[in-house]
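Participant:
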Amino acid sequence: LDTNLPDWQSAPQADAVAEVLLNGDLAAIPTETVYGLAADATNGVACAKIFEAKGRPQFNPLISHLQSTETALEHGEFNDKAIRLARAFWPGPLTLVVPRRPSSTISDLATAGLASVALRVPEGPVMRFLAEKTGRPLAAPSANRSGRISPTRAEDVIADLGPALGAIVDTGPCPVGIESTIVGLVDDQPLLLRPGGLAREDIEAILDEHLECTEANAEENAPTAPGMLSSHYAPDAKLIMNATEASPTDALLSFGPDPLPGADGAFSEFNLSPSGDLAEAAANLFHAMRTLDLSGADVIRAQIIPNFGLGEAINDRLRRAAAPRGTG
Ligand code: TXA
Ligand code: MG
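All you need for the UniProt record's numbering is the position in the sequence shown, starting with 1, plus 5.
#1: Based on the DSSP secondary-structure assignment, which residues constitute the bridge partners of Phe275?
#2: Report the three-state DSSP secondary structure of Ile319 (helix, strand or coil).
#3: Under a Cβ-count criterion, where at least 16 other Cβ atoms within 10 Å of its own Cβ denotes burial, should Asn330 be classed as buried or exposed?
#4: Looking at the ligand COA, does it come within less than 7 Å of Ile187, judged from the CB to the closest heavy atom?
#5: When you compare each of Leu277, Thr38, Ala256 and Leu119 to Pro156 by their alpha carbons, which one comes out closest?
#6: At a cut of 8 Å, does the segment 307-316 reach the segment 247-262 through at least three beta carbon pairs?
#7: Please determine, among Ala91, Thr139, Phe134 and Asn84, the residue with the shortest C-alpha to C-alpha distance to Asp46.
#8: Would you mind giving the Cβ-Cβ distance between Leu203 and Thr186, rounded to the nearest angstrom? I have them listed as a contact below 8 Å.
#9: The beta strand (DSSP E) with Asn247 in it runs from where to where?
#10: Got a sec, what are the start and stop residues for the beta strand (DSSP E) Gly41 sits in?
#11: If I'm right that Leu135 touches Val22 with Cβ under 8 Å, what's the distance once you round it to whole angstroms?
#12: On the three-state DSSP scale, how would you describe Pro130?
#13: Mind reading off the beta-carbon distance from Leu124 to Leu101? Whole number of angstroms is fine, and I expect it under 8 Å.
#14: Return yes when the Cβ of Val188 is within less than 8 Å of the Cβ of Cys99, no when it is not.
#15: Is Asp113 close to chain C, meaning its C-beta is less than 8 Å from at least one C-beta of that chain?
#16: Report the rounded CA-to-CA distance for Glu285 versus Leu297, giving the unit in angstroms.
#17: Is it right to say Asp303 is buried, meaning 16 or more other beta carbons lie within 10 angstroms of its own, or is it exposed?
#18: I need the straight-line Cα distance from Gly232 to Gly118, nearest angstrom please.
#19: With a cut-off of 8 Å, do at least 3 Cβ pairs link the segment 153-171 to the segment 26-40?
#20: Report buried or exposed for Leu323, applying the criterion of at least 16 other Cβ atoms within 10 angstroms of its Cβ.
#21: Ignore the nearest five residues each way along the sequence and tell me which others in Ala326's own chain have a CB closer than 7 Å to its CB.
#22: Taking only three categories from DSSP, how would you classify Val103?
#23: Buried or exposed, going by whether 16 or more other CB atoms sit within 10 Å of the CB of Pro253?
#24: Going by CA-CA distance only, name the one from Ser69, Gly60 and Phe94 that's closest to Ala210.
#25: Quick one: Cα of Ala287 to Cα of Leu42, how far?
#26: Three-state secondary structure (DSSP) at Cys218?
#27: Evaluate the contact criterion for the segment 140-156 versus the segment 61-78: three or more CB pairs, one atom per stretch, below 8 Å.
#28: Keeping to the same chain, check which residues put their C-beta closer than 6 Å to that of Leu196; ignore five residues upstream and five downstream.
#29: Going by DSSP in three states, Gln308 sits in which element: helix, strand or coil?
#30: Taking the CB atoms as reference points, tell me whether Arg105 and Val126 lie closer together than 8 Å.
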């Protein structure tokens with residue numbers, strides 16, 4: 006289904022997508038961060054289809070999307086800090102991992118049997134609208150095959166997962182372009198489980214404390230945030246970070262107004278943000294990686310990206326794309 010937003014909610018297609026979800030099938034649905042591969046989170050069989058379509062390890066739990074903070078409170082136990090973050094940033098690119106309420110209808114397959122649950126009220130209105138219309142929390146990982154680059158456009162989803170989809174809603178490129186920031190609030194100490202589309206600084210300002218990172222290397226430890234598997238977001242080309250010069254045989258992922266030495270002669274080039282804006286760079290990141298990969302270069306060299314604001318999430322994704330392959 007190819008639809009445009011403003012009058013989408015009254016379109017007959019909206020009913021058709023809700024129907025697909027209530028039937029226990031998969032629909033690709035955009036959010037402000039990336040396109041999600043959505044299923045009814047209360048339906049274990051439907052969630053199993055997500056794992057199958059993505060080729061995703063079953064221990065890796067899914068985020069459930071809700072239409073409102075009020076609905077999220079039915080599924081998780083929110084301590085004071087969780088409430089503050091929800092009030093400040095929902096709807097938006099923030100996922101909260103909180104203790105699962107025993108009465109939550111979210112299936113064990115979506116939570117991977119953990120005692121905690123990952124909840125998000127997205128800003129992207131289509132996902133919220135469908136959660137409300139179906140009356141179900143919607144489990145949705147990024148709509149890419151496991152370990153591959155996350156999709157920020159409907160074309161990317163179709164290329165990766167087309168045959169598995171009962172429906173796809175196309176609202177064009179996702180404005181944030183990088184997955185939600187995940188904060189764990191299972192006990193009093195908040196943990197940054199994954200940097201993402203909401204900057205750490207904004208969260209710290211609300212909590213009035215420093216956010217600790219998890220030692221999030223799921224290969225060695227039990228999966229605290231298994232999406233942190235080191236080889237993730239992998240292009241076919243080899244990615245090298247912190248490049249200080251371009252090469253005629255390599256693709257160049259550049260950033261900012263100052264070209265790297267040799268940039269003119271690079272095999273191919275994508276500037277994430279010529280003005281050096283980190284939000285624009287985040288929005289372009291995955292599309293840039295896909296584009297440079299398709300240009301046929303064997304190596305992608307990425308220029309240094311400042312490590313504050315959304316730069317933290319960009320560098321995290323680049324590091325994972327550069328990591329040795331073989332997991333995710
Ligand atoms: O922006 C996003 O978050 C997108 C859109 C579609 O909402 N979704 C997304 O989902 O990125 P996914 O499945 O690719 O990443 C979910 C992450 C994984 O790293 C998973 O391990 C973590 O959330 N997660 C889910 N439940 C968890 C839990 N109970 N404890 C810790 N981590 C959890
Ligand atoms: Mg993902």
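We put the beta carbon where it would ideally sit given N, CA and C, even for glycine.
Bear in mind the structure is a predicted one, so any value in this text is a computation, not a measurement.
Facilitator: Here's the rundown:
#1: DSSP output for Phe275 lists Leu258 as bridge partner(s).
#2: helix
#3: Rather than Asn, the amino acid found at residue 330 in this sequence is Arg. Here Arg330 is exposed: its Cβ has fewer than 16 other Cβ atoms, across all protein chains shown, within 10 Å.
#4: Of the ligands this structure carries, namely the ligand TXA and the ligand MG, none is the ligand COA.
#5: Among Leu277, Thr38, Ala256 and Leu119, the Cα nearest to that of Pro156 belongs to Thr38.
#6: yes
#7: For clarity, residue 46 is Ala in the given sequence; the question names Asp instead. For Ala46, the nearest C-alpha among the options comes from Thr139.
#8: 4 Å
#9: Lys243 to Ala248
#10: First-last of the beta strand (DSSP E) with Gly41: Tyr40 to Asp45.
#11: 6 Å
#12: helix
#13: 6 Å
#14: According to the sequence provided, residue 99 is Leu. The question's Cys does not apply to it. Yes.
#15: In the structure shown, chain C does not exist; there is a single protein chain.
#16: 17 Å
#17: Under the 10 Å beta carbon count, Asp303 is surrounded by fewer than 16 other beta carbons and is classified as exposed.
#18: Confidence in Gly232 is poor, its pLDDT being 47 and thus under 50, which makes the residue's placement unreliable; the coordinate value appears in the next sentence. Their backbone Cα atoms lie some 16 Å apart in a straight line.
#19: yes
#20: Per the 10 Å Cβ criterion, buried.
#21: Tyr238, Ala239, Pro240, Leu244 and Met294
#22: strand
#23: Under this definition Pro253 is an exposed residue.
#24: Distance from the Cα of Ala210 is smallest, within the candidate group Ser69, Gly60 and Phe94, for Phe94.
#25: 20 Å
#26: strand
#27: Yes, the segment 140-156 touches the segment 61-78.
#28: Gly189, Glu217 and Thr219
#29: strand
#30: no
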